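> Per this note's numbering, residue 10 is the first one in the sequence shown, and the count goes up by one each step.
Below is a structure I'd like to ask you about.
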Amino acid sequence: MKGRIVLELEARPWLPSNSVRMIRELNYYDMPTQGILRDRFLPRYYFFACIDGAVNEYSMWVYVSISRTEARQLKKLSGNALRAFEAILLVDRPVDVVMAHEDRGIVHKGQAKIVVQGPLPVSEPKLAQEAWSSVNKQIRAEAGAIERMVPC
């Protein structure tokens with residue numbers, strides 16, 4: 010059964026809430042940048058990846074619900090086969106997206122659907138561009154709604 014991941018503001022993006030635990034780290038660069046999370050209470054699995062800014066002050070992370078079979082497949086793959094499978098998991102599915110600050114953790118969260126024209130495997134810059142575009146639209150919409158609520 011698939012469901013959306015719980016994301017908490019100020020949590021570390023590789024461990025975005027107390028309701029999940031990491032069961033496999035797939036990539037590491039000063040911190041886990043890709044991996045598999047499992048819900049602590051339900052049989053749900055999630056793939057996460059830092060798709061932009063791993064070495065910057067701000068970074069973008071995506072989370073997608075995956076099946077147990079997909080989690081097992083991720084554990085078995087490496088190299089280009091792993092990258093291609095990861096791209097398949099992220100494209101044309103609902104994904105949760107967060108912006109994180111290196112010291113403050115998750116500072117913004119939203120949802121997106123990464124749609125990529127052309128064949129897979131997908132390059133990380135293309136995924137990041139599509140996810141940033143979606144989140145920026147959400148941020149502008151939220152800012153506009155707040156602005157309309159403030160009396161002049």
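All residues carry an ideal CB built from backbone N, CA and C; glycine is no exception.
From a predicted model like this one, the values you see are computed outputs, not experimental measurements.
Any idea if E19 is buried or exposed, counting beta-carbon neighbours within 10 angstroms, 16 or more meaning buried?
Locating residue 19 in the sequence shown gives position 10, where the first residue counts as 1. By the neighbour-count rule (16 or more Cβ atoms within 10 Å), E19 is not buried but exposed.
> Using DSSP's beta-bridge definition, name the partner residues of V71.
In the sequence shown, residue 71 corresponds to position 62, counting from 1. Note: V71 sits in a beta bridge opposite A58, V106.
> Using DSSP with H/G/I as helix, E/B as strand and the rest coil, what is A93?
Walking along the sequence shown from the start, residue 93 turns up at place 84. In the three-state reduction of the DSSP assignment, A93 falls in the helix class, which pools H, G and I.
> Take L91 as the anchor and find which of G44, D112, P25 has the nearest alpha-carbon.
Here residue 91 refers to the residue found at position 82 when the sequence shown is read from its first residue. For L91, the closest alpha carbon among the candidates G44, D112, P25 is that of G44.
> For I32, tell me which candidate among R13, F57, D112 has the shortest Cα-Cα distance.
Your numbering for residue 32 matches position 23 in the sequence shown. Residue nearest to I32 within the set R13, F57, D112 is F57 (criterion: CA-CA distance).
> Out of V124, Y55, P22, which has the shortest C-alpha to C-alpha gap to P41?
As a working mapping, residue 41 is identified with position 32 in the sequence shown. The residue with the shortest Cα to Cα distance from P41 is P22.
> Starting from E34, trace the alpha helix (DSSP H) both ways and give me its first and last residue.
For this step, residue 34 is matched to residue 25 along the sequence shown. It is not in any alpha helix (DSSP H) - E34 instead sits in the beta strand (DSSP E) that spans 29-37.
> With C-beta atoms as the reference, is N65 less than 9 Å away from E111?
Counted from its first residue, the sequence shown places residue 65 at position 56. Counted from its first residue, the sequence shown places residue 111 at position 102. Yes, the pair counts as a contact, with Cβ atoms nearer than the cut-off.
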